[in-house]
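Visitor: I'd like to ask some things about the structure below.
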Amino acid sequence: MSRVLLVFSFLSFFGFSVTLAQTRQLTGTVKDKADGQPLVGVSVTVKDSKTGASTDAKGMFKITVPQNGGVVTFTYIGYKTRTITLTGQTKLDVSLEEDANTLQEVTVNIGYGVVRKKDLTGAVSLVGADVIAAAPVSSALEAIQGRVAGINIASTEGSPDADLVVRVRGGGSITGDNSPLYIVDGFPVASIADIAPQDIETIDVLKDASSTAIYGSRGANGVILVTTKNSKDGKTSVSYNVFTGIKQLANKLDVLSPLDYVTWQYERALLDKTPNDYTQYFGNFQDIDLYGNVPANDWQEIIFGRTGTTFNQNLNISGGGDKTKYSLSHSFVKDKAIMQLSEFERQNINFKLNHKLYKGLTLDFGLRYADTKTKGGGANEQNEVSSADSRLKNAMLYPSFPVPGLTTTTETDDEFNLYNPLISISDNDQYVHRKTYNINGAISYDIIENLRLRSEVGYDGFRNDMDRFYGTTTYYVRNVPSAENQNLPALILTNTNRNSIRNTNTLNYNFSKVLGKDHNLNVLLGQEFIKTELGILTNVVHGFPKSFGFQDARVLTTQGKANAIDNNFSPDDKLLSFFGRANYDFMGKYLLSATFRADGSSKFSPENQWGYFPSVSGAWRISQEDFMKGTKSWLTDLKLRASYGTAGNNNIPPGQMNQTFQNSVTTWVNGFNNYWAASKTMANPDLKWETTVTKNVGLDFSLFNSKVTGTVDAYLNRTKDLLLQFPVAGTGYDFQYRNIGETQNKGLEFSLNWNAIRKTNFDLSFSANINFNRNKVVSLGSIKNINGQSGWASTEIGVDYLVEEGASVGRIYGYRNAGRYEVSDFSGYNATTGTWTLKPGVVDATSFIGALRPGSMKIEDLSGDGKIDLSDRTVIGNANPLNTGGFSVNSRIYGFDIGAYFNWSYGNDIYNANKIEYTSTSKYSSRNMISTMASGSRWNNLRPDGTISNDPAELTAMNANTTLWSPYMKTFVLSDWAVEDGSFLRLSTLTLGYTLPLKISEKLKMKKLRVYASAYNLWLLTNYTGFDPEVSTRRRTNLTPGVDYSAYPKSKSFVFGLNVNF
């Protein structure tokens, strides 16, 4: 027996030695041919062998190959596969070239799954991490603004925490929310504003119903899927990205000089027949020339002109092996804004873990946390009791030099509600602390080959604490508190808590092994449950000591008088869903997808709870047909797509089918403002789903070996059973939600990418997209029209937007300006009564302008009755753009890279409410105005000797070269003069960078080192006379878009950054 073992051991050793003699070790590196950077995770395989390896963080590999010869293949997604026949070498350095054709192999997130880009049948756009992280901004939505066809993203103003209005193909609701559904790593969230751009791997925008129907009731306004960065194979990799820079006020408006201001104050006082209003503040008219030497305070510069700073850093650590992969990142943003006492800070933590428990069983875990702090508010807040608290308005209209008795008091409640702008800022202060938590866990089990069961559980938490301070100069403390607490500081503390839980279970089976190589069928079945709870706690404290500031009131709340405590819990919002999807393709040429989802919502009564949302789409890859063989030299790919489907919307507050009460209502009784609980909304148990039907036809093309790629889409969306706020006058209620009416959005989208030059040390590429959308109200049911009120001037303007059947939402409603009344419009002046008499047939605007005289504003009499009244209003503008889009140019030459990105909007009108307020002064007597109303431009009634002229010939001569009317008006008037073209072209981002050669960075123990400088909002081309044409400040309703009133001015920024990979 021992001899047998000895012989066996000898033979085994001999065989092993022979094997060793027949193989050898091959080592080497794999790099990008274009920039020389190492490629991580390249697959290295040996022909006719099961041996394989992958490159590490430095692009290095080690693999066993035959002693004599051997064939090694290098494969990497996005690059051309390279096969090399060995000739006995032990070291091999390889470079791989990018392959544009493999872009079609990129996977796209379509909800509860992914497909290859080339297999898409719906309208989906993809934005990668390189684009998202390239812009020096703290918001991911700002980073993709103008870069995606079919999605319009517009900032409402320039504050660090300004809202972004996002519309995918227009949006179908009239009074409801048209925001898209946001899904982050599978979880629906209210916003993605608190996600660091550097943490995002991809953003997928689902635009047609065949894509959004998988989300059923929530997909009617489009779906934005955000995938944060995942863990990766390989050794631990560390990346650090940081940029810091400065911000400056981008634009200012000129105001009247001290001399022009005082001259107008004198003329106004004489027209009012109250000359003492002038002399008590400004002295005698004979000394007016002295004001030509008075220095002016630039309040815009003082309030909004400080040099802001920005700091943004992101640290990411990722790695793992065959069983466990992980990714951990931390981001920090700190902005000192251009407005005094205004700051913004955010911290993000994002952690992902993927672990293979054993064969076929995988665990995924994700944790995301954001902590955001905002000090100071935007210049114009939507929750203000009155627009009187606007900081920008004070900066524009407050006298530009000290006026004893007029600008030296802060105690007296003046008639025009203007205060020193610095005091206005400190008296209108707030602190917002927002925390968001998201925890996701999933387990996947491969039951059999190609059959996977996945179960996900998640929690999403939102907590927002807002402390709002009202000082002694604010409208709020002068009007809202009870008599004994009026004119004393007040504090409102609001805590909002929203918690959501989610459970999703899916079963996915791929029939490819069953059907054969020409057929591919993938079926998904799923179930989902989401529950959302919302609670709002509000504490109102009035009557603090007059000397208290914001910090005093926050710390010493007991020094005030508790006025009200509201603890409001909304009914739970529950959604139970069942869904399924089947994707089929034959030979990769003919593709078909069908989706069905059933949603049950607690927002509707049992009879109407369930909504059913089917969709179907198909695609034909024409380029693979035999009759297209002659185009192979220039046509890489050509695919025709078509889809039809439905999606739903239940975006109304919970509890609308039952009577609810609101305990924050105030009513004046016996001179006191009392809080009480009132029923503000009439219940409607008959509410049902709002439904959008979408039709889409698209064409995807790729030319010249994918040097040129692009898409074209045409769509028609019809939304019916709109969930509208129906006015119910005479019932004691403001409105009732009802299913009324129908809207339509139709449009075209184009996107184009051109890789013009692609060489080792030089490349040049272009990309562009353009969107055309037309919105129309098809039906309003029994409602004749819907009136919208922006409310910027309280009730003084009244209705300024009109919605009618056959027209779009967003039409501005007012008067047509006819210039001004000339001397020739009057028959004469009556010195006894001090009035001018209009000639017969000249329209009379007394009811709006006040007592008429030459130089008064003139309005067109559209009704033809000879007088101006409400019947003379008409549509004077449309806030909807004819088209929007963007384009970029990117180039790299040796180590340098340069990129420029532009975005535009064309054909939209802006309702310039600032222009009205800044050029009208009568009852607001002491306000300054913009230079549009400077002497020599506006109508002048004042003789050089300081008297008012009422002589026709003299007035005609005095105003021969003036063009505008007199600002002497008793009220604000919305005319088409204040509606301006809002078209613009903006150089949004300009970046110049340099990447150190690999040899140098390796000596520094780095994989990559890049330094760069970027400018944001560097250049703007527009005819708009306001601060910035990208604005929409009255955001409480969809009815009033495009209003520019006291918006926080935009800034331009210059930053310097560093990208380091270890």
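The sequence shown begins at 1 in full-length UniProt numbering and counts up by one. Even glycine gets a Cβ: it sits at the ideal position worked out from N, Cα and C.
Using the Cα positions of residue 1063 and Ala818, report the straight-line distance between them to the nearest angstrom.
Guide: Because the chain in this structure spans residues 1 to 1062, residue 1063 falls outside the shown range and cannot be described.
Visitor: Straight-line CA distance for Val697 to Gln744?
Guide: In the sequence shown, the residue the question calls residue 697 occupies position 697. In the sequence shown, the residue the question calls residue 744 occupies position 744. Going from the Cα of Val697 to the Cα of Gln744 covers about 17 angstroms.
Visitor: Can you list, in chain order, the residues of its chain whose CB lies under 7 angstroms from that of Leu640, leaving out five sequence neighbours each side?
Guide: Here residue 640 refers to the residue found at position 640 of the sequence shown. Excluding sequence neighbours, Leu640 sits near Ala619, Trp620, Ile622 and Leu699.
Visitor: For Trp634, name the three-state secondary structure that DSSP assigns.
Guide: Counting from 1 along the sequence shown, the entry for residue 634 is found at position 634. Coil at Trp634, not helix or strand.
Visitor: For the stretch 218 to 245, which segments carrying the beta strand (DSSP E) assignment without a break, of at least 3 residues, lie completely within its bounds, in sequence order?
Guide: Listed in chain order, they are 223 to 228.
Visitor: Please state whether DSSP places Pro606 in a helix, a strand or coil.
Guide: Residue numbering aside, residue 606 sits at position 606 when the sequence shown is read from its first letter. The answer is helix: DSSP assigns Pro606 an H, G or I state.
Visitor: CB Asn583 to CB Val115, shorter than 8 angstroms?
Guide: Within the sequence shown, the letter at position 583 stands for residue 583. Within the sequence shown, the letter at position 115 stands for residue 115. In this structure, Val115 lies closer than 8 angstroms to Asn583 by Cβ.
Visitor: Using only the alpha-carbon positions, how far apart do Arg873 and Ile930 sit?
Guide: Here residue 873 refers to the residue found at position 873 of the sequence shown. Here residue 930 refers to the residue found at position 930 of the sequence shown. Roughly 26 angstroms separates the two Cα atoms.
Visitor: Over what stretch of residues does the beta strand (DSSP E) that includes Val205 continue unbroken?
Guide: Position 205 of the sequence shown, counting from 1, holds the residue named residue 205. Taken as a continuous stretch (DSSP letters only), the beta strand (DSSP E) holding Val205 covers Ile200 to Leu206.
Visitor: Runs of 3 residues minimum, wholly inside the stretch 700 to 766: which ones carry the beta strand (DSSP E) assignment?
Guide: Listed in chain order, they are 708 to 720, 723 to 727, 735 to 739 and 742 to 758.
Visitor: Just the C-alpha distance for Asn230 and Leu451, rounded to the nearest angstrom, thanks.
Guide: Start at 1 with the first residue of the sequence shown, and residue 230 comes out as number 230. Start at 1 with the first residue of the sequence shown, and residue 451 comes out as number 451. Their Cα atoms are separated by approximately 23 angstroms.
Visitor: Assign Val799 to one of three DSSP states: helix, strand, or coil.
Guide: Within the sequence shown, numbered from 1, the residue matching residue 799 stands at position 799. DSSP places Val799 in coil when its eight states are reduced to three.
Visitor: Round the Cβ separation of Ser179 and Asn1038 to the nearest angstrom and send it over; I've been treating them as touching at under 8 angstroms.
Guide: Taking the sequence shown and counting its residues from 1, one reaches residue 179 at position 179. Taking the sequence shown and counting its residues from 1, one reaches residue 1038 at position 1038. Not quite, the Cβ-Cβ distance comes to about 10 angstroms (not below 8 angstroms), so this is no contact.
Visitor: Give the DSSP bridge partners of Trp620, in chain order.
Guide: What you label residue 620 is simply residue 620 of the sequence shown in a count that begins at 1. Beta-bridge pairing links Trp620 to Tyr590 and Leu640.
Visitor: Classify Glu980 as helix, strand or coil using the three-state DSSP reduction.
Guide: For the purposes of this step, residue 980 is identified with residue 980 of the sequence shown, where counting begins at 1. Strand, per DSSP.
Visitor: In the DSSP assignment, the beta strand (DSSP E) including Tyr437 goes from what residue to what residue?
Guide: Position 437 of the sequence shown, counted from the first residue, corresponds to residue 437. From DSSP, the beta strand (DSSP E) with Tyr437 extends over Asn428 to Ile448.
Visitor: How would you call Glu456, buried or exposed, if buried means at least 16 neighbouring beta carbons within 10 angstroms?
Guide: Position 456 of the sequence shown, counting from 1, holds the residue named residue 456. So Glu456 ends up on the buried side.
Visitor: Can you give the Cα-Cα distance for Leu164 and Leu249, rounded to whole angstroms?
Guide: What you label residue 164 is simply residue 164 of the sequence shown in a count that begins at 1. What you label residue 249 is simply residue 249 of the sequence shown in a count that begins at 1. C-alpha separation (whole angstroms): 20 angstroms.
Visitor: Which residue comes first and which comes last in the beta strand (DSSP E) that contains Gln659?
Guide: For the purposes of this step, residue 659 is taken as the residue at position 659 of the sequence shown. First-last for Gln659: undefined, no H or E at that position.
Visitor: By DSSP's criteria, Glu456 is part of a beta bridge. Which residues make up the other side?
Guide: Reading the sequence shown from its first residue, position 456 is the one you call residue 456. According to DSSP, which records beta bridges pairwise, Glu456 is partnered with Ala442 and Thr504.
Visitor: Measure from the alpha carbon of Leu491 to the alpha carbon of each residue in Gly549, Gly982, Pro295 and Leu259, then state which is nearest.
Guide: Looking up residue 491 in the sequence shown gives position 491. Closest option to Leu491, Cα to Cα, is Gly549.
Visitor: According to DSSP, simplified to helix, strand and coil, what is Trp1019?
Guide: Residue 1019 sits at position 1019 when you count from the first residue of the sequence shown. Note: Trp1019 maps to strand in three-state DSSP.
Visitor: State the start and end residues of the unbroken alpha helix (DSSP H) segment that holds Ser257.
Guide: Counting from one through the sequence shown, the residue named residue 257 turns up at place 257. Premise fails: Ser257 is in no alpha helix (DSSP H) and is neither H nor E.
Visitor: Taking the runs of the alpha helix (DSSP H) that are 4 residues or longer, which of them lie wholly in the stretch 896 to 984?
Guide: DSSP runs (the alpha helix (DSSP H)) wholly in the stretch 896 to 984: 913 to 917 and 952 to 958.
Visitor: Can you check whether the CB of Gly1042 is closer than 8 angstroms to the CB of Ile910?
Guide: Locating residue 910 in the sequence shown gives position 910, counting from the first residue. Locating residue 1042 in the sequence shown gives position 1042, counting from the first residue. Yes, these two residues count as a Cβ contact at 8 angstroms.
Visitor: Taking the alpha-carbon of Val124 as reference, which of Asp945, Leu724, Thr711 and Ala845 has the nearest alpha-carbon?
Guide: Numbered from 1 along the sequence shown, position 124 holds the residue referred to as residue 124. When only C-alpha atoms are compared, the closest one is Thr711.
Visitor: Measuring CA to CA, which of Arg368, His542 and Leu493 is closest to Asp566?
Guide: Within the sequence shown, numbered from 1, the residue matching residue 566 stands at position 566. It is Leu493 whose Cα lies nearest to the Cα of Asp566.
Visitor: Compute the Euclidean distance between the alpha carbons of Gly88 and Val94, then round it to the nearest angstrom.
Guide: Looking up residue 88 in the sequence shown gives position 88. Looking up residue 94 in the sequence shown gives position 94. Near 16 angstroms, if we compare the C-alpha coordinates of Val94 and Gly88.
Visitor: Among the candidates Lys47, Asn487 and Thr29, whose CA atom is the shortest distance from the CA of Asp56?
Guide: As a working mapping, residue 56 is identified with position 56 in the sequence shown. Of Lys47, Asn487 and Thr29, the residue nearest in Cα terms is Thr29.
Visitor: Met396 lies in the beta strand (DSSP E); which residues open and close that run?
Guide: The count along the sequence shown starts at 1 and reaches residue 396 at position 396. No beta strand (DSSP E) contains Met396, which is instead part of the alpha helix (DSSP H) from Arg391 to Leu397.
Visitor: Considering Lys273, what are the terminal residues of the beta strand (DSSP E) in which it resides?
Guide: Sequence index remark: in the sequence shown, residue 273 carries index 273 (1-based). Neither: Lys273 is in no beta strand (DSSP E) and is coded neither H nor E.
Visitor: Considering only residues of the same chain and omitting the five flanking positions on each side of Asp260, which have a CB-CB separation below 7 angstroms?
Guide: Start at 1 with the first residue of the sequence shown, and residue 260 comes out as number 260. Correct list, in chain order: Ala934 and Ser935.
Visitor: Over what stretch of residues does the alpha helix (DSSP H) that includes Asn479 continue unbroken?
Guide: Numbered from its first residue, the sequence shown carries residue 479 at position 479. Taken as a continuous stretch (DSSP letters only), the alpha helix (DSSP H) holding Asn479 covers Tyr475 to Asn479.
Visitor: On the criterion of 16 or more Cβ atoms from any shown chain inside 10 Å, does Trp939 qualify as buried, or is it exposed?
Guide: As a working mapping, residue 939 is identified with position 939 in the sequence shown. Trp939 should be labelled buried.
Visitor: State buried or exposed for Pro421, treating a residue as buried only when at least 16 other CB atoms are found within 10 Å of its CB.
Guide: Numbered from 1 along the sequence shown, position 421 holds the residue referred to as residue 421. Label assigned to Pro421: buried.
Visitor: I need the boundaries of the beta strand (DSSP E) containing Glu301, first residue and last residue.
Guide: Within the sequence shown, the letter at position 301 stands for residue 301. Per DSSP, Glu301 belongs to no beta strand (DSSP E); it is in the alpha helix (DSSP H), Trp299 to Phe304.
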